[in-house]
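Here is the structure we will look at, set down as structure tokens.
Protein chains: 2
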Amino acid sequence: MRAREKTEQIKLVIVKATDELLYHKSYNLMSFSDIAEASDIPRGNLNYHFKTKDDILLAVVAYRVQQMNKMLSDWDASINSPLERLLRFAQIPLNEKNNVVQHGCPIGTLNQELGKVQPELKAISKQQFDVFKQWLIKQFSDFVPGQDAQKLAVHMLVRSQGLSAVAFIEEDKKIIETEVKAIEQWLKSL
Amino acid sequence: MRAREKTEQIKLVIVKATDELLYHKSYNLMSFSDIAEASDIPRGNLNYHFKTKDDILLAVVAYRVQQMNKMLSDWDASINSPLERLLRFAQIPLNEKNNVVQHGCPIGTLNQELGKVQPELKAISKQQFDVFKQWLIKQFSDFVPGQDAQKLAVHMLVRSQGLSAVAFIEEDKKIIETEVKAIEQWLKSL
DNA sequence: GTCTATATGAAGATAGAC
DNA sequence: GTCTATCTTCATATAGAC
Numbered sequence: 018m019r020a021r022e023k024t025e026q027i028k029l030v031i032v033k034a035t036d037e038l039l040y041h042k043s044y045n046l047m048s049f050s051d052i053a054e055a056s057d058i059p060r061g062n063l064n065y066h067f068k069t070k071d072d073i074l075l076a077v078v079a080y081r082v083q084q085m086n087k088m089l090s091d092w093d094a095s096i097n098s099p100l101e102r103l104l105r106f107a108q109i110p111l112n113e114k115n116n117v118v119q120h121g122c123p124i125g126t127l128n129q130e131l132g133k134v135q136p137e138l139k140a141i142s143k144q145q146f147d148v149f150k151q152w153l154i155k156q157f158s159d160f161v162p163g164q165d166a167q168k169l170a171v172h173m174l175v176r177s178q179g180l181s182a183v184a185f186i187e188e189d190k191k192i193i194e195t196e197v198k199a200i201e202q203w204l205k206s207l
Numbered sequence: 018m019r020a021r022e023k024t025e026q027i028k029l030v031i032v033k034a035t036d037e038l039l040y041h042k043s044y045n046l047m048s049f050s051d052i053a054e055a056s057d058i059p060r061g062n063l064n065y066h067f068k069t070k071d072d073i074l075l076a077v078v079a080y081r082v083q084q085m086n087k088m089l090s091d092w093d094a095s096i097n098s099p100l101e102r103l104l105r106f107a108q109i110p111l112n113e114k115n116n117v118v119q120h121g122c123p124i125g126t127l128n129q130e131l132g133k134v135q136p137e138l139k140a141i142s143k144q145q146f147d148v149f150k151q152w153l154i155k156q157f158s159d160f161v162p163g164q165d166a167q168k169l170a171v172h173m174l175v176r177s178q179g180l181s182a183v184a185f186i187e188e189d190k191k192i193i194e195t196e197v198k199a200i201e202q203w204l205k206s207l
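The listed protein sequences correspond, in order, to chains B and G.
The first sequence stops at residue 207 when you use this note's numbering, and every number in between is there.
The second sequence stops at residue 207 when you use this note's numbering, and every number in between is there.
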């Protein structure tokens, strides 16, 4: 029991370090050595905890999904109206301004990278995207019951992904500010 | 002279094949062998024409920029109003529906991939993006002289990049149709 | 100019000593 | 359970035969 617990802790250290690493490095350019260095676990020992690199990615995505679900249920509990929750969502890139400009949206960039050649990995990574999508659909259903919540949720994701992508390419924080403001106006006009 | 010309032709064959390859394969996962196979040039000979892989990328981007400029000046010549030119631009993802859903926007995905770790290459790839941006600014200046053309151009790019990214992740052509329609409405309302 | 053969290095993964 | 040493594979890039 104790031993098992300790193993789980080490795994979590690896996962957290890799999660962090994945923000500024692409998955395919990220080596076992990079992970070993970042997590301060001896290079060879990684292979005991995770057989393959893909296994680590799997664990990282599971961890991220868990974190995202926690954040969203916190919002559900602490923010009263669906409109304000949606506004809060729209502001994510604003709060992560520096990261977005330097590394893009962590979910979007990972999905795009894996989507190009590794369909199995893409499906895994897509889970992160779907957590947001389902939550958005719920919020829009509550916010404007008569309208097509699915379509509105997708539109929200489109604008959020788009502004992150363009701000990253142009390395321009102003784009985030302007575009988030535009999303807020759109939400309030619904 | 003759010899030089022939060399240039071979280079173009390599560049075109790599351009094509880059639509479905990420740059970092693309090997010289892949390029050799795609262009039907013996593996070792590639290194005579291009010293490094980055040199090939450089040539591919230059080629793409040239093609894009050609397309845009064709539009300038054949399409009368700036609004119709902008509508034509908005429809690019619609005409490339299958490619977008399978591989994403070729410009956006390349920029995002290179942006994460290779700043020198990112700057090169960004040229493609800027060709579109400058052209859009010109069109918006002509279309709605009083308004902030730069801001409108960026917004157009945001929506275009966003819809490509989300349609790619979700592998859903309907998203392209719906979102392009929304862009058209927005343009007509300006 | 063309292409083969090869140098060199780094990656993922494994076997097995401790 | 932990970690070292190593196997294998595959990449870029070069030297030099044709």
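The C-beta atom is built at its ideal place from N, Cα and C for all residues, glycine as well.
Given the structure is predicted, the values throughout are model-derived calculations rather than measurements.
Alpha carbon to alpha carbon, what distance is there between Glu187(G) and Ile96(B)? 29 Å
Against chain G: residues of the region 133-147 of chain B by CB proximity under 7 Å: Lys133, Val134, Lys143 and Phe146
Cβ neighbour criterion (16 or more within 10 Å) applied to Tyr65(B): exposed
Within 10 Å of its beta-carbon, does Pro162(B) have 16 or more other beta-carbons around it, so buried, or fewer, so exposed? exposed
What's the gap between the Cα of Asn86(B) and the Cα of Ser48(G)? Cα to Cα, the separation comes out at about 39 Å.
With DSSP collapsed to three states, give me the class of Pro59(G). coil
Boundaries of the alpha helix (DSSP H) in which Ile96(G) is found, first to last residue: No alpha helix (DSSP H) holds Ile96(G); DSSP gives it neither H nor E.
Determine the direct distance from the alpha carbon of Gln202(B) to that of Val183(B), and round the result to whole angstroms. The straight-line gap from Cα to Cα measures roughly 20 Å.
Local conformation of Asp189(B) per DSSP, three classes: coil
Taking only three categories from DSSP, how would you classify Pro110(B)? helix
Let me confirm a value: Glu25(B) is counted as buried when at least 16 other C-beta atoms fall within 10 Å, else exposed. Which label applies? exposed
Could you give the DSSP three-state label for Met88(G): helix, strand or coil? helix
Taking just the CA atoms, how far does Lys168(B) sit from Val82(G)? One C-alpha to the other measures close to 34 Å.
Quick test of your reading: Gly121(G) and Ser181(G), contact by CB under 8 Å. State the CB separation rounded to the nearest angstrom. Gly121(G) to Ser181(G), Cβ: 6 Å. Contact.
For Lys139(G), is the classification buried or exposed, using 16 other Cβ atoms within 10 angstroms of its Cβ as the cut-off for buried? Per the 10 Å Cβ criterion, buried.
Can you tell me where the alpha helix (DSSP H) holding Asn45(G) begins and where it ends? Per DSSP, Asn45(G) belongs to no alpha helix (DSSP H) and is neither H nor E.
Distance, Phe160(B) Cα to Asn45(G) Cα: 44 Å
Own chain residues within Cβ distance below 7 Å of Gly125(G), not counting five before or after: Gln178, Ser181 and Ala182
Determine the closest residue to Gln119(G) out of Val134(B), Met173(B) and Val171(B), with distance taken between C-alpha atoms. Val134(B)
My guess is that Thr35(B) and Ile58(B) are in contact by the Cβ rule of under 8 Å, so how many angstroms apart are they, rounded? Rounded, the Cβ-Cβ distance is 11 Å, inconsistent with contact.
Starting from the Cα of Ile192(B), find the closest Cα among Arg102(B), Pro110(B) and Ser142(B) and give me that residue. Pro110(B)
Span of the alpha helix (DSSP H), counted from its first residue to its last, around Asp159(G): Pro136 to Phe160
Neighbouring residues, chain B, relative to Gly121(G) (Cβ below 9 Å): Gln129, Gly132 and Lys133
What in chain B is Cβ-close to Glu196(G), meaning under 9 Å? Close to Glu196(G), with beta-carbon spacing below 9 Å, are these residues of chain B in chain order: Val171, His172 and Val175.
Considering only heavy atoms of the ligand MG, does any lie closer than 7 Å to the CB of Glu25(B)? The ligand MG is not part of the structure shown, which contains no ligands of any sort.
Have a look at Asn116(G) and Phe185(G) and give me their C-alpha separation to the nearest angstrom. Rounded to whole angstroms, Asn116(G) to Phe185(G) spans 9 Å at the Cα level.
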